[in-house]
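In the numbering used here, the protein residues as written are 1255 to 1426. Virtual Cβ for every residue (Gly too), placed ideally from N, Cα, C.
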Amino acid sequence: LQRINVALVVAALICASTMTGCNPYQSAVNTANVAGQIIDMGQQDVPALVAAGTFTAAEGATVTNYLTGAASLDTQAKTCIASIGANGPKQSIVACFTTFAQGLASPSELALLRVMSPKAQAKVQLWITAATLAINAGIALYNGIAAPTPLIAAQPTPEADLAALKERLNLH
């Protein structure tokens, strides 16, 4: 429930930050961009995390494959949103975000992530949680039903880690 409230706050902040007030379509585009930034950040971080020993080489390859798939889902969501346009039916834009969330929660992909070390799982959990929160912010703009956050780590991502990621992304 707390994470859904965070998604609603993110949606409100995205609306408030636009020059013309809340333009749900532009906010949906911006939200998809934020999800993409999170995935890009994860992709950029993997080599350093392998070098630091947070991920083994095999875990790094598994995470890279997952994030490559997530980046593809993000591109598909952005294309889907753009093809619908500002005047398209809101349920269609919700469907774009829902498909993105369902792809992140693919059971076969998540199964590969669940066998990694706890440190590796926690790092990937942060990215999955943050991306899902961004997706849910897009869904909330159109009063859709939020997607559950996939859980691969033993514990959900601490709010402090999400706040640090938000700062790193320069989302204020």
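Mind checking P1412: buried by the 16 CB within 10 Å criterion, or exposed? exposed
Alpha carbon of V1369 to alpha carbon of L1419, nearest angstrom: 24 angstroms
Does DSSP put Q1409 in a helix, in a strand, or in coil? coil
Throw me the rounded Cβ distance for the I1382 and L1366 pair, which I believe falls under 8 angstroms. About 13 angstroms separates the two Cβ atoms, so there is no contact after all.
Can the beta-carbon of I1293 be found less than 8 angstroms from the beta-carbon of A1385? yes
Coil, strand or helix - L1423 by DSSP: coil
In terms of residue numbering, what span does the alpha helix (DSSP H) encompassing F1354 cover? 1344 to 1358
Please report the residue range of the alpha helix (DSSP H) in which T1310 lies. Careful: T1310 lies outside any alpha helix (DSSP H) and carries neither H nor E.
Where S1371 sits in the DSSP three-state scheme: coil
Kindly give me the distance between the Cβ atoms of A1331 and T1353, rounded to whole angstroms, as I take these residues to be in contact under 8 angstroms. 7 angstroms
Comparing alpha-carbon positions, which option in A1374, I1335, I1389, C1350 lies nearest T1285? I1389
Work out the CA separation of V1283 and I1338 for me, nearest whole Å. 11 angstroms
Quick check on I1347: buried or exposed, where buried means 16 or more other Cβ atoms within 10 Å of its Cβ? buried
With a threshold of 7 angstroms on Cβ separation, who are the neighbours of L1327 within its own chain once the five nearest residues in sequence on each side are excluded? F1354, G1357, L1358
Would you kindly work out how many angstroms separate the C-alpha atoms of N1397 and A1305, rounded to a whole number? 43 angstroms
Run the proximity test for A1325: is its beta-carbon closer than 7 angstroms to any non-hydrogen atom belonging to the ligand NAP? Of ligands this structure carries none, so the ligand NAP is not represented either.
What's the call for V1421, buried or exposed, on a 16-neighbour Cβ count within 10 Å? First, the amino acid is wrong: residue 1421 is Glu here, not Val. When all chains shown are included, E1421 counts as exposed.
By the 10 Å Cβ neighbour count, where 16 or more other Cβ atoms means buried, how is T1403 classified, buried or exposed? buried
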